[in-house]
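Each remark here refers to the structure printed beneath this line.
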Amino acid sequence: MGNAIRALVAFVPTDCCQSYVVRDLREMPTDKMVDLSGKRLHRFPAHVCSFQELVKLYLSDNHLNSLPPELEQLQNLQILALDFNNFKALPQVVCTLKQLCILYLGNNKLCDLPSELSLLQNLRTLWVEANCLTQLPDVVCELRLLKTLHAGSNALRLLPGQLQRLRELRTIWLSGNLLTDFPAVLLHMPFLEVIDVDRNSIRYFPSLAHLSSLKLVIYDHNPCRNAPKVAKGVRRVGRWAEETPEPDPRKARRYALTQEESQDGEAPALPSLLLPPNS
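In this note's numbering, each residue's number is its place in the sequence shown (first place is 1) plus 1015.
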């Protein structure tokens, strides 16, 4: 019964009902964190904006599509989680929170990001996975301290050349996009440590052996004809990685053709001509 009441009052976007859901939030938490994840909120409780010393604010898994302008009062905020909501555009007020280090925007309905996002020059981690991005917004390339970028499960077909400006970037996750070629800009980013291009449509991988900081490359579930060459000690996750010898180019091409001719759209079993001896 309790859950049913919570669901009912959260559905009705009135201050009275919303205050029922967050009735315990009447003063600044001692740990400077507010977690309202999974509360079925349709409206952000404005009184939280009075907690000006707040450092962490979690609003994940609600029904939010806007934020009040009073949020600008939270100038000490370092972590903001807005993932699993109904945002079609990032509220401009988020871009006023200049101390933000981590911003979670995954699993919304974002098609772009505002140019004002460049004001968040302390941002280290940005999650924009599972949105509606057909291209990586140029403004991301202006976040000079960014170390981790999660942009998987969108509809990206390429990456902007300006991305190489992000010399602090160490990890980039691009799984589940529409890449048909390995992004050329990544070849000019020797400071990258983790590259994930799992579940794309990449058919050929250039050598990554010159990427001196690389530690892990994930390239599984691509219709590739080869495995990416990497320096000694770099872990690869995908076909013909450490545990399986890579076939010669002629056999690899034959395997790729077999994939293309598959009627059910599923990757066929690895032909015997590609299997290692005694497999």
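The beta-carbon is built from N, C-alpha and C at its ideal position, and this holds for glycine as well. In this text the structure is predicted, and so the values were computed from the model without any measurement.
Leaving out five residues before and five after residue i in sequence, what residues of the same chain have Cβ atoms less than 6 Å from its Cβ?
i       : result
Met1204 : Gln1179
Asp1076 : Ser1052, Gly1053 and Phe1099
Leu1174 : Leu1151, Pro1198 and Val1200
Rounded to the nearest angstrom, what separates residue i and residue j at their Cα positions?
i       : j       : result
Leu1229 : Lys1247 : 10 Å
Leu1302 : Thr1045 : The requested residue 1302 is not part of the displayed model; the chain covers only 1016 to 1294.
Ala1267 : Asn1237 : At Ala1267 the pLDDT is 46, less than 50, meaning the model places this residue with poor confidence; the figure from the coordinates comes in the next sentence. One C-alpha to the other measures close to 13 Å.
Glu1208 : Leu1223 : 11 Å
His1165 : Leu1151 : 11 Å
Glu1157 : Cys1116 : 14 Å
Phe1059 : Val1252 : 42 Å
Gln1136 : Arg1185 : 17 Å
Asn1192 : Arg1041 : 43 Å
Leu1132 : Leu1138 : 10 Å
Leu1181 : Leu1231 : 19 Å
Look at the Cβ atom of residue i, then the Cβ atom of residue j, and state whether they are nearer than 8 Å.
i       : j       : result
Ile1317 : Cys1239 : Residue 1317 lies beyond the residue range present for the chain, which begins at 1016 and ends at 1294; the question has no answer from this structure.
His1057 : His1078 : yes
Glu1083 : Cys1064 : For the record, residue 1083 in the displayed sequence is Pro; it is not Glu. Yes, the Cβ-Cβ distance between Pro1083 and Cys1064 is below 8 Å.
Here's a check: name, in chain order, each residue in its chain whose Cβ is nearer than 7 Å to the Cβ of residue i, leaving out the five neighbours to either side.
i       : result
Glu1068 : Met1043, Lys1047 and Asn1091
Asp1196 : Ile1217
Per DSSP, what are the beta-bridge partners of residue i in this structure?
i       : result
Tyr1119 : Ala1096 and Trp1142
My output table needs one value for residue i: the three-state DSSP class, helix, strand or coil.
i       : result
Val1209 : strand
His1165 : strand
Asp1076 : coil
Val1245 : coil
Leu1132 : helix
Leu1297 : The shown model of the chain, from 1016 to 1294, leaves out residue 1297, and the question about it has no answer.
Asp1050 : strand
Arg1180 : helix
Val1109 : helix
Val1252 : strand
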